[in-house]
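Chains as they are written, first to last, in UniProt numbering: chain A, 1 to 358; chain E, 1 to 118. From the three backbone atoms N, C-alpha and C, an ideal C-beta is built for every residue, glycine too. Report on the following structure.
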Amino acid sequence: MTNPKLHLIDTDIHERVQYSQLLPYLPQPYRRYIEDCSWIQEKHMPFTQPAVAGVDRADAVVPDGRPAGSDLPFMQSQLLDEIGHEFGILTGALDPSPSSMHGWYEMATALASAYNDWQIEHWLEKDERLYGSVHIAAQDPQGAVKEIERVGSHKKMVQILLPIDDKLWGDPYYHPIFEAAEKHDLMIGMHHNEPPVHYGKWPRYFIEWHTLIPVAHMTMVTNMVFNGVFEKFPKLKMMMIEGGFTYVPFLMRKMDQQYRDLRHEVPWIKRMPSDIIRKHICFTTQPLEEMTKKEFLQTFEHMGTDEIVSFSTDYPHWDYDSPYEALPKGLDEGLQRKLFSENARNFYPKLPQLKEEE
Amino acid sequence: MEEVVCRTEDLQPGEMMESRFGKHEIVVCRASDGHYYAFLNRCIHQGAPLSKGKLCGAPEPTDNLGEYKFERDGDILRCPWHGREFDIRNKGCMLANEKFKIKNFKVMEKNDEVIVYK
């Protein structure tokens, strides 16, 4: 079933839950708020129009009408078997993010717990290729740490998911989360939620918002590096998910430049920021810009490495990237191997290593 | 070649002044330990006149996030433009990256005079 040539480790697959599926895992009174009061998170993105089926691939809608990403057998046939994945990292779709919860930490933490239990039972333990992300309500670090302690040692949980939202997670207030991550060999996965890139508001058009998602990613990379998270937690690494990677050369150069002049403000940083990025941060490819092979390779040249980028499909979203079509043609096999599997395998300590005979 | 660039009494520890050494414009600095150091008066970044900056201290590298240990007062030359820091007692190396340094000259004191030579 696995495509032996590709050895694909897909670093961004969105499984989807519906609240009704979480009810069995939610204690009272939280269950009642959903069941009796129709409570929902305030996910307020005002755009449903980008592609023919909203923000999903039109052909990823489950044939019985359920939303894309909500059915494992259908995902298996359309993605995992069809492409020949070796592994896939689930990155969720329900996120009790600060901006969607408005300070209701208790409900946010309960939702995260329920989600983790549902993810483990219905996905991680149903398909050996799938690995998971621990959901937490990071805005409540104490509750988040409890949840990491509860499920973080599950052998198929490889990272902790933090939303790129309206909080800057490098603040020492949130460091107990990173301490718990390090303890369990979990990496940090950062994925934008509804990033406030337009002065905290929404632009007029989806195309504006979607163009500038990397701005929100840059904000978080800059924050995590200069707040010294990777100096304090030397084993910790961070996967920047769904923001692409072509902004990285710019950001490395900009951060190094700033550091030369402004080092005195952050004396706990003792390495060049670009060195910290190369050692601790990895970036998923999707959504790939269409580039020539030359342009593509130049990006790596400017980053000084080709070992911190990992291929991702972002299934089942509308801007899915095909492992067979999205990269420029004619890349040498060594580079393809790094992008499709080696870099992700080196990034996540809990992913199985390649067997000798392979 | 040697040249008197100033008198020892011209500078107190932590002070600096412009001078000349042959065709070079230089900055003569007196560090906290009383010793004199001389550098080309031109930042390696964008050529700013270093003598217009500040001889001060700097927050030391630390293992503790949020900690500022301001030390070496009088030993750190900061550029007047971008504030880049150079350690005058360590050959003018840039604090952020020791691979880079401002050009330094050899200095000796003799009979109340500060002499630059090569």
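Exercise for review: Write down the C-beta distance between residue 303 (chain A) and residue 249 (chain A) rounded to the nearest angstrom, noting that I regard them as a contact closer than 8 angstroms.
Suggested key: 5 angstroms
**Study point:** Interface residues of chain A facing residue 96 (chain E) [CB-CB closer than 7 angstroms]
**Key:** 259, 260, 263
Check your understanding: Taking the continuous beta strand (DSSP E) assigned at residue 110 (chain E), which residues delimit it?
Key -> 104-110 is the span of the beta strand (DSSP E), which, as asked, contains residue 110 (chain E).
**Study point:** Continuous alpha helix (DSSP H) assignments of at least 4 residues falling wholly in the region 228-295 of chain A
**Key:** 229-232, 248-262, 273-280
Review point. Hey, is the region 117-129 of chain A in contact with the region 40-59 of chain A, meaning 3+ C-beta pairs nearer than 8 angstroms?
Key: no
Review point. Comparing the C-beta of residue 84 (chain E) with each C-beta of chain A, is any distance below 8 angstroms?
Key: yes
**Study point:** Extent of the continuous alpha helix (DSSP H) run through residue 52 (chain A)
**Key:** That residue, residue 52 (chain A), is in no alpha helix (DSSP H); it is neither H nor E in DSSP.
Review point. Nearest to residue 122 (chain A) by alpha carbon, out of A:156, A:193, A:146, A:150?
Key: Nearest neighbour of residue 122 (chain A) by Cα position, chosen from A:156, A:193, A:146, A:150, turns out to be A:156.
Point to revise | residue 155 (chain A) at chain E interface by Cβ criterion, 8 angstroms | key: no
Exercise for review: Work out the CA separation of residue 48 (chain E) and residue 191 (chain A) for me, nearest whole Å.
Suggested key: 42 angstroms
Check your understanding: Ends of the alpha helix (DSSP H) at residue 18 (chain A)?
Key -> Element bounds for residue 18 (chain A): n/a, residue is neither H nor E.
Review point. Hey, out of A:39, A:70, A:154, A:219, whose CA is closest to residue 100 (chain A)'s CA?
Key: A:39
Practice item. Provide the residue span of the alpha helix (DSSP H) that contains residue 183 (chain A), from first to last. Key: Taken as a continuous stretch (DSSP letters only), the alpha helix (DSSP H) holding residue 183 (chain A) covers 175-183.
**Study point:** Where the alpha helix (DSSP H) containing residue 145 (chain A) begins and where it ends
**Key:** 141-151
Check your understanding: Taking the alpha carbon of residue 6 (chain A) as the point to measure from, which residue in A:251, A:86, A:120, A:32 has its own alpha carbon closest?
Key -> Nearest C-alpha to residue 6 (chain A): A:86.
Check your understanding: Are the region 307-314 of chain A and the region 258-269 of chain A in contact at 8 angstroms, needing three or more beta carbon pairs?
Key -> no
Point to revise | Length-filtered (3 minimum) beta strand (DSSP E) runs lying within the UniProt domain "Rieske" (3-116) of chain E | key: 16-21, 24-30, 36-40, 54-59, 70-78, 85-87, 104-110
Point to revise | Three or more C-beta pairs below 8 angstroms linking the region 236-248 of chain A and the region 33-47 of chain E | key: no
Check your understanding: Would you call residue 357 (chain A) buried or exposed, if buried means 16 or more other Cβ atoms sit within 10 Å of its Cβ?
Key -> With a pLDDT of 49 at residue 357 (chain A), under the threshold of 50, the modelled position of this residue cannot be trusted; read the value that follows with caution. Result: exposed.
Practice item. Taking residue 6 (chain E) and residue 28 (chain E) to be in contact with their CB atoms under 8 angstroms, please state how far apart those CB atoms are, rounded to whole angstroms. Key: Their Cβ separation, rounded to whole angstroms, is 5 angstroms, which keeps residue 6 (chain E) and residue 28 (chain E) in contact under 8 angstroms.
Exercise for review: Please report how far the alpha carbon of residue 14 (chain A) lies from the alpha carbon of residue 60 (chain E), in whole angstroms.
Suggested key: 45 angstroms
Practice item. Whole angstroms is fine: what's the gap from residue 67 (chain E)'s alpha carbon to residue 86 (chain E)'s? Key: The alpha-carbon of residue 67 (chain E) is positioned some 21 angstroms away from that of residue 86 (chain E).
Point to revise | Cα-Cα separation, residue 117 (chain E) to residue 46 (chain E) | key: 26 angstroms
**Study point:** Test: residue 329 (chain A) CB closer than 8 angstroms to a CB of chain E
**Key:** no
Point to revise | Whole-angstrom distance between residue 332 (chain A) and residue 81 (chain E), CA atom to CA atom | key: 46 angstroms
Point to revise | Identity of the residue in E:114, E:94, E:9 nearest residue 75 (chain E) by Cα | key: E:94
Review point. First and last residue of the beta strand (DSSP E) that includes residue 135 (chain A)?
Key: 130-135
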